[in-house]
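Visitor: Okay, handing you the structure first.
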Amino acid sequence: MYLDVHSHRQHSDACTLVIRNQYPLSCEVEEPFSVGIHPWYCEDWQEQLRALHFVARHPNCFAIGECGLDKMCDTDFALQMQIFKEQIALSECLELPLIIHCVRAYSEIVSVKKQIQPKQLWVLHGFHKNEAVARLLTQNGIVLSFGKALLCSEKVQKVFTSLEEGSYFFETDDAAFSVKEIYAKAKSLLT
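Be aware that the sequence shown starts at 3, since it is given in the working numbering, and climbs by one per residue.
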């Protein structure tokens, strides 16, 4: 069985469990999903948060997110932090993993994790940075999720091969290919 831990386009089938990324106000609950408030889309965050508290209790909800911090988007960073912490609290309350979107805020993510000391798994999706960032995250208990960058970036491939088993997942994010391609690439890198 394959696991696609974060996808916007793929669907589960007989041999692949896909966790579909959903948004609180338009969530489709028929198949496994994660749901969260993305830092790019915070205009109506209070309404989204109310909806999130309801829909995250659905039995097909496997995780909270994608949520997180993004220093390159227009949303005020203090507001992003507030919304992120609200979703961490929900993740802990419902005992669900957290799927994290992070752009140029890795030290802040680690700082929040140290401050809150959550019990639930944190998964940083779409990892494509260097070994130093990977080490910072994994040494602080954050699992990395690899997508299309693992197929073509030698830097990312080097990071991947340096990790311990159990410190990573695979995902398709918004790509049109199957997660099986990423599993095949990972296997070839490890043999």
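By construction, the Cβ of each residue, glycine as well, lies at the ideal position given by its N, Cα and C atoms.
Helix, strand or coil for Thr-193, going by three-state DSSP, please let me know.
Guide: Translated into the one-based positions of the sequence shown, residue 193 becomes position 191. Correct three-state label for Thr-193: coil.
Visitor: Should Thr-193 be labelled buried (16 or more other beta-carbon atoms within 10 Å of its own) or exposed?
Guide: Sequence index remark: in the sequence shown, residue 193 carries index 191 (1-based). Taking a 10 Å sphere around the C-beta of Thr-193, we find fewer than 16 other C-beta atoms and assign the residue as exposed.
Visitor: State the Cα-Cα distance for the pair Trp-47 and Ser-190, rounded to the nearest angstrom.
Guide: Working through the sequence shown from its first residue, we reach residue 47 at position 45. Working through the sequence shown from its first residue, we reach residue 190 at position 188. Near 42 Å, if we compare the C-alpha coordinates of Ser-190 and Trp-47.
Visitor: Alpha carbon to alpha carbon, how far is Leu-54 from Gln-24?
Guide: For this step, residue 54 is matched to residue 52 along the sequence shown. For this step, residue 24 is matched to residue 22 along the sequence shown. Their Cα atoms are separated by approximately 10 Å.
Visitor: Evaluate contact between the stretch 113-121 and the stretch 149-164, counting only Cβ atoms and requiring at least three cross-stretch pairs below 8 Å.
Guide: no
Visitor: Cβ of Ser-93 versus every heavy atom of the ligand HEM: is any distance shorter than 6 Å?
Guide: This structure lacks the ligand HEM; in fact it carries no ligand of any kind.
Visitor: For the candidate residues Asn-142, Ser-113, His-103, whose alpha-carbon lies nearest to that of Leu-126?
Guide: Against the sequence shown, residue 126 aligns to sequence position 124. Here the closest residue by C-alpha is His-103.
Visitor: Count the other CB atoms, across all protein chains shown, that sit within 10 Å of the CB of Gln-84; report buried if there are 16 or more and exposed otherwise.
Guide: Counting from one through the sequence shown, the residue named residue 84 turns up at place 82. Looking at its Cβ environment, which holds fewer than 16 other Cβ atoms inside 10 Å, Gln-84 is exposed.
Visitor: Would you tell me roughly how many angstroms separate the C-alpha atoms of Pro-61 and Phe-129, rounded to the nearest one?
Guide: In the sequence shown, residue 61 corresponds to position 59, counting from 1. In the sequence shown, residue 129 corresponds to position 127, counting from 1. Roughly 28 Å between the two C-alpha positions.
Visitor: Quick one: Cα of Asn-142 to Cα of Val-112, how far?
Guide: The residue you call residue 142 lines up with position 140 of the sequence shown. The residue you call residue 112 lines up with position 110 of the sequence shown. When rounded, the distance between both Cα atoms is 7 Å.
Visitor: If you pair each beta-carbon of the stretch 19-34 with each one of the stretch 77-92, do three or more pairs fall below 8 Å?
Guide: no
Visitor: Tell me which residue opens and which closes the alpha helix (DSSP H) that His-55 is part of.
Guide: Reading the sequence shown from its first residue, position 53 is the one you call residue 55. Residues 47-57.
Visitor: Ala-2: which of Ser-28, Ala-136, Asp-176, Lys-160 sits nearest, CA to CA?
Guide: It is not possible to answer for residue 2, since the shown part of the chain is limited to 3 through 193.
Visitor: So the candidates are Glu-88, Glu-94, Lys-73, Thr-163; which of them puts its Cα closest to the Cα of Gln-50?
Guide: The residue given as residue 50 occupies position 48 in the sequence shown. Selected option, being the one with the closest Cα: Glu-88.
Visitor: Should Ser-36 be labelled buried (16 or more other beta-carbon atoms within 10 Å of its own) or exposed?
Guide: Within the sequence shown, residue 36 is the residue found at index 34, counting from 1. When all chains shown are included, Ser-36 counts as buried.
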